[in-house]
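Step one of this worksheet: look at the structure below.
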Amino acid sequence: MQKLKAQPHICLASVPPVVIAVGDPERAAKLSSLCGYQKELKFNREYRSFECAQTTESDPQFLVISHGVGSAGASICFEELIKAGAKVIIRAGTCGGMQTDMSRGEIVIATAAVREDGATRLMIPTEFPAVADFDLVGKIEKEVAARLSEEKEASFSYRKGIVLTSDLFYPSLKGTTWEMYSKAGVVAVEMEAAALFVIAAVRKVRAAALFVADGNVLNWDSDYDPHGDAVAKAKETMLQAVVRLASQLAEKETKWVGEQET
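The opening position of the sequence shown corresponds to residue 1 in the UniProt record's numbering, with each subsequent residue numbered one higher.
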């Protein structure tokens, strides 16, 4: 049997069908620690991966991987994951709220993304929508709602909606489109969802994304606090929900035989 060749950046030849993707390599490690079984596979540049299962190694396995910051590097990760066998990719990260009634720690489930990134403009015309898989969105909402109902003292909530994917983190001299899109009902801004949704659609796989708001961009200078208690607690809830969902989805996918050495 011919061995598969490892992808050049994520350094994996094959991956489980179900993948949880996060931006920060340390968050990938944190997420894997919530699983009963975890095994670090590779760590190259911003791409750090773990083979995981909810309880034991014999349970259905899924992959946890980090993709870094921004659509360009994340696109490399998403493309290579799909080449290596990914069928479902769920991104879990942080975002900036874009509605006046949003506060730190609120969970946002993306239904679609405004394509203000650079990478997807080179892939397909901007008229092509960046849309999450509807079935996955529903399953994510169910898991998040279940987690919140279990945490009776939770001080945060969740909402679904369109997010803005931008390559800018800090406001520029040219200004931003935040206020315009806020008025149009866009609920949050982040940096990778549009790339994930477009690549998934073009490559015929399923994708979704959810985030924790770590501030409100309408009042960014005074409201941004990615390390506060509210954000930390919401991240924990988000990650627990996505681990539970990934385990459920992995049961329905083809059994993975493990990472193959090249």
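All residues carry an ideal CB built from backbone N, CA and C; glycine is no exception.
Its Cα nearest to that of F78, the residue A200 stands out among P226, A200 and Y158. Between the alpha carbons of V189 and V137 lies a gap of roughly 18 Å.
Around the beta carbon of P8, fewer than 16 other beta carbons lie within 10 angstroms, which makes this residue exposed. When the alpha-carbon of I107 is set against those of L249, V205 and V163, the nearest one is in V163. Taking C-beta atoms as the reference points, A241 and F62 fail to come closer than 7 Å.
Cβ-Cβ separation between V15 and G93: approximately 19 Å, too far for a contact (criterion under 8 Å).
In the three-state reduction of the DSSP assignment, K87 falls in the coil class, being assigned neither a helical nor a strand state. Residues of the same chain with a CB within less than 7 Å of the CB of E40, apart from the 5 flanking positions on each side, are F50 in chain order.
Per DSSP, F62 is one residue of the beta strand (DSSP E) stretching across Q61 to S66. Between M238 and V212, the C-beta gap is smaller than 7 Å, which places the two residues in contact.
Rounded to the nearest angstrom, the Cβ distance from T165 to S71 is 7 Å, consistent with a contact under 8 Å. Look at G138 here: in three-state DSSP terms it is helix.
Annotated as distal: I109 and A21, with beta-carbon spacing of 7 Å or more. For A194, no beta strand (DSSP E) encloses it; the enclosing alpha helix (DSSP H) starts and ends at A193 to R203. Three or more Cβ pairs drawn from the region 97-105 and the region 223-235 lie within less than 8 Å of each other, which places the two stretches in contact.
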